[in-house]
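Quick note: the sequence shown uses my numbering, first residue 1305, plus one each step. First up is the structure itself, then whatever we jot down about it.
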Amino acid sequence: MIKQAIIPLAGLGTRMLPLTKAFPKEFWPLGNKSILENILDECFDAGINEVILVISKKKKSIKDYFKKDIVLEKKVKNKPELLKSLKNLNKISSKIKFVYQDKPKGLGHAVLCAKKLIKSKHFLLLLPDDIINGKNSSKELIAINKKTNSSVIAIRKVIKKDVKRYGIVGFDEFKNLKINKMVEKPSVKNSPSQFAIIGRYILNKSIFNYLGKQKSGKLGEIQITDAMNAMLFHENFYGCKFKGKYLDCGTINGYINSFKEINKK
Ligand code: UTP
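Right under this line is the structure:
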């Protein structure tokens, strides 16, 4: 069973500057809770009992948020709803571990920072920029992992002209979504399909060996897609065409649309 998850939060959020300069985008509200709490709820609802949050020194406020605050709890002791929400954070906090990434050296490097804490064969990886609304996609990935005992990646069909914005997968067998190729931001001509990688993965912990050996790319970053590609020769990967609605929270416009969508109900 998949019981551990990694959520990398140590990026700079450059696409949302200057707003992200002082205030992490993961704290922005979506519905009646933050983006991060939406993602955490998805994890716990899927049966995860330990979440590793990768943060940076600049994002220490994320760690502080989950700390018990006795002064605040006393202050709202006669306001049951508020007290409950504070106590709920304490409950969540007992299931969270923090690791620091010293420099923003890429998503792959952030995942590598959590290596020591991962115990079982497979773990879940969630990117909070990608919200999947309406159906718990982590549960869907876990079900495929249970059936195949393999790594699984959430995928979504995008229009042709958008393939250059995503990591794109190619298939060995389209029928069962067995993946044989991953290409980061291909041109339309070189794209192996129109199925883009979305930020939910179940990975075999052997990914750490590939990430450890990998050289940094052009921007000095270690990319997870390169490591997964190398791993494809030794580990089966399956795509998961999740059923929920994909919401992009990684850009200002995407966030505004996501906020509207969540508040539609
Ligand atoms: P992105 O590559 O989308 O970067 O990271 P970002 O910092 O969130 O945003 P932009 O592109 O600069 O606007 C994908 C995920 O990986 C984390 C990010 O926090 C995000 O959750 N990440 C990225 C790290 O933890 N460390 C890194 O060095 C890079």
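Note that the Cβ used here is the ideal one computed from N, Cα and C, for glycine as well.
**Prompt:** Does the Cβ of arginine 1319 lie closer than 7 Å to at least one heavy atom of ligand 1?
**Reply:** Yes, the beta carbon of arginine 1319 sits closer than 7 Å to at least one heavy atom of ligand 1.
**Of the listed residues Ala1458, Lys1372 and Asp1406, nearest to lysine 1439 (C-alpha basis)** = For lysine 1439, the nearest C-alpha among the options comes from Ala1458.
**Prompt:** Taking only runs of the beta strand (DSSP E) that begin and end inside the stretch 1310-1391, which ones reach a length of at least 3 residues, in chain order?
**Reply:** Counting only runs of 3 or more, we get 1354-1359.
**Message:** Once DSSP output is grouped into helix, strand and coil, what is the label at tyrosine 1505?
**Reply:** If DSSP states are grouped into helix, strand and coil, tyrosine 1505 belongs with the strands.
**Prompt:** How would you call lysine 1469, buried or exposed, if buried means at least 16 neighbouring beta carbons within 10 angstroms?
**Reply:** For clarity, residue 1469 is arginine in the given sequence; the question names lysine instead. It is exposed - the Cβ of arginine 1469 has fewer than 16 other Cβ atoms within 10 Å.
**Asked** What does DSSP give as the partner residues of valine 1403 in its beta bridges?
**Response** Note: valine 1403 sits in a beta bridge opposite Val1358.
**Distance, glycine 1554 Cα to arginine 1319 Cα** = Their Cα atoms are separated by approximately 7 Å.
**Beta-carbon contacts of asparagine 1540 that lie in its chain and below 6 Å, excluding the five residues immediately before and after** = Leaving aside the five residues that flank asparagine 1540 on each side, the residues in its chain whose CB is nearer than 6 Å to its CB run, in chain order, Ser1454.
**Request:** Could you tell me if the beta carbon of aspartate 1530 falls within a distance shorter than 7 Å of some heavy atom in ligand 1?
**Result:** No.
**Prompt:** What are the start and end residues of the beta strand (DSSP E) that includes valine 1473?
**Reply:** Start and end: 1471-1477.
**Prompt:** Is there a Cβ from chain D that is less than 8 Å from the Cβ of lysine 1407?
**Reply:** Chain labels in this structure do not include chain D; a single protein chain is all it has.
**Prompt:** From the DSSP output, which residues share a beta bridge with aspartate 1466?
**Reply:** DSSP lists no partner for aspartate 1466.
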